[in-house]
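A.B. asks: Numbering (our numbering), first residue to last: 3 to 311.
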């Protein structure tokens, strides 16, 4: 009898166009929705695979590679062969081990720049957007001041004066001139979010400025923060390479892809493998990170229903 009643209720629900709660599909969380949209972005997925391969090769291959990056006992300018796939440098170092070492430093510098610049930009932008008034005016003018300073020129001078080409000092100097775009985007989002009901409720409950910013504003800006932090990595790779290429960035004994390109630029016609080896790796890193950033931007955009690629 009970089963008969349940069957009649289900039939009635179907006729009326309504379904019981247990028959409705489970709601998809925001994280799963973003991941699903990102996985459908073919170009971003290919770029993710390429970047992961570059990172894994740069980290793991030196453990198994037969030549050490410090070994300078090989013949000078040896042509590519089975022992030296990219030949050797003028001082007799294996080029493959040099590229691996340079990739490690370039990625490390870029990640540090992205983390530090994102942290500064989010703090300044959130404070300016939430507090407004004098704080907003002061931080906005500071941001404008840093934006008009030539980034590469200022970074070159500061890295030369304070760090003598140390890779860590170069990373921190680049971060000092990379936080402004993130701060501007964060400020705009914080100004919009500060008018929402949940922020008003938190303020009425007695929450302080720090709690509102870090517990309510920043978690709701994670999409734009993630995208801009990713793109900051790509920009840092190129800026560091440009700085090192003109001889004002990373200095020996540290190295980077830009430094390696500088040291072998004169061989681009006679021994092009010495130049194009690190150059191709640099281009692949930059392109892959940019495409990943595009995929993340589309995935976090609630208005984006169809993926571009």
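Yeah, the Cβ is synthetic: ideal placement off N, Cα and C, and Gly gets one too.
Just so you know, these numbers come straight off a predicted model, no measurement behind them.
Counting pairs of beta carbons, one from the segment 211-218 and one from the segment 92-99, are three or more of them closer than 8 Å?
C.D. replies: With a cut-off of 8 Å, the segment 92-99 and the segment 211-218 do not count as touching, because too few Cβ pairs lie within range.
A.B. asks: Applying the 10 Å Cβ sphere with the 16-neighbour rule, what's the burial state of residue 129?
C.D. replies: Answer is buried; the Cβ neighbour count reaches 16.
A.B. asks: Taking DSSP as the reference, what is the three-state secondary structure of residue 26?
C.D. replies: Reliability fails at residue 26, whose pLDDT of 47 lies under 50, so the model's placement of it is uncertain and no value is given.
A.B. asks: Enumerate in chain order the residues of its own chain whose CB-to-CB distance from residue 244 is below 7 Å, with the five nearest sequence positions on each side excluded.
C.D. replies: These residues qualify, in order along the chain: 154, 260.
A.B. asks: DSSP three-state label for residue 297, please.
C.D. replies: In this structure, residue 297 counts as helix in the three-state DSSP scheme.
A.B. asks: What residue does the alpha helix (DSSP H) around residue 183 start on, and which one ends it?
C.D. replies: 182-195 is the extent of the alpha helix (DSSP H) around residue 183.
A.B. asks: Which same chain residues, not among the five before or five after residue 177, have their C-beta less than 6 Å away from its C-beta?
C.D. replies: Contacts found: 115, 118, 119.
A.B. asks: Could you check whether the segment 227-241 touches the segment 278-297, counting it as contact only if at least three pairs of C-beta atoms, one from each stretch, sit closer than 8 Å?
C.D. replies: With the cut-off at 8 Å, the segment 227-241 and the segment 278-297 touch.
A.B. asks: Taking the C-alpha atoms as reference points, what is the distance between residue 88 and residue 279?
C.D. replies: Their Cα atoms are separated by approximately 7 Å.
A.B. asks: Can you give me the C-alpha to C-alpha distance between residue 169 and residue 83, rounded to a whole angstrom?
C.D. replies: Computed Cα separation, rounded: 32 Å.
A.B. asks: Cα-Cα, which of 80, 201, 142, 164 is closest to residue 2?
C.D. replies: What the structure shows of the chain is the stretch from 3 to 311, and residue 2 is not part of that stretch, so it cannot be assessed.
A.B. asks: Tell me whether residue 207 is buried or exposed, calling it buried when 16 or more other Cβ atoms sit within 10 Å of its Cβ.
C.D. replies: Counting Cβ neighbours within 10 Å, residue 207 comes out exposed, since fewer than 16 surround it.
A.B. asks: Over what stretch of residues does the alpha helix (DSSP H) that includes residue 138 continue unbroken?
C.D. replies: Run containing residue 138: 135-150, per the alpha helix (DSSP H) assignment.
A.B. asks: Here's the rule I'm using: 16 or more other beta-carbon atoms within 10 Å means buried, otherwise exposed. How should residue 158 be labelled?
C.D. replies: Residue 158 is buried by the Cβ-count criterion.
A.B. asks: Let me check understanding here. Comparing Cα to Cα, which of 234, 50, 71 lies closest to residue 354?
C.D. replies: Nothing in the structure corresponds to residue 354, since the chain is present only between 3 and 311.
A.B. asks: Locate the alpha helix (DSSP H) running through residue 227, then write down its first and last residues.
C.D. replies: Note, residue 227: alpha helix (DSSP H), 224-247.
A.B. asks: Using C-beta distances below 7 Å, list every residue in its chain close to residue 238, excluding the 5 sequence neighbours before and after it, in chain order.
C.D. replies: Excluding sequence neighbours, residue 238 sits near 111, 112, 115, 116, 176, 180.
A.B. asks: Starting from the C-beta of residue 78, find all residues in its chain whose C-beta is less than 6 Å away, skip the five residues before and the five after it, and write them out in chain order.
C.D. replies: Once the five neighbours on either side are set aside, the close Cβ partners of residue 78 are 92, 94.
A.B. asks: Alpha carbon to alpha carbon, how far is residue 16 from residue 302?
C.D. replies: Annotation note: pLDDT 48 at residue 16 (below 50); position unreliable, coordinate value reported separately. The straight-line gap from Cα to Cα measures roughly 35 Å.
A.B. asks: Do residue 249 and residue 264 have their C-beta atoms within less than 8 Å of each other?
C.D. replies: A contact, by the Cβ cut-off of 8 Å.
A.B. asks: Between the alpha carbons of residue 149 and residue 73, how many angstroms are there, rounded?
C.D. replies: When rounded, the distance between both Cα atoms is 43 Å.
A.B. asks: Among residues of its own chain, excluding the 5 on either side of residue 219, which ones have a beta-carbon nearer than 6 Å to its beta-carbon?
C.D. replies: So the qualifying residues of the chain are 128, 192, 195.
A.B. asks: Just verifying my parser: in three-state terms, what is the DSSP assignment at residue 120?
C.D. replies: Helix, per DSSP.
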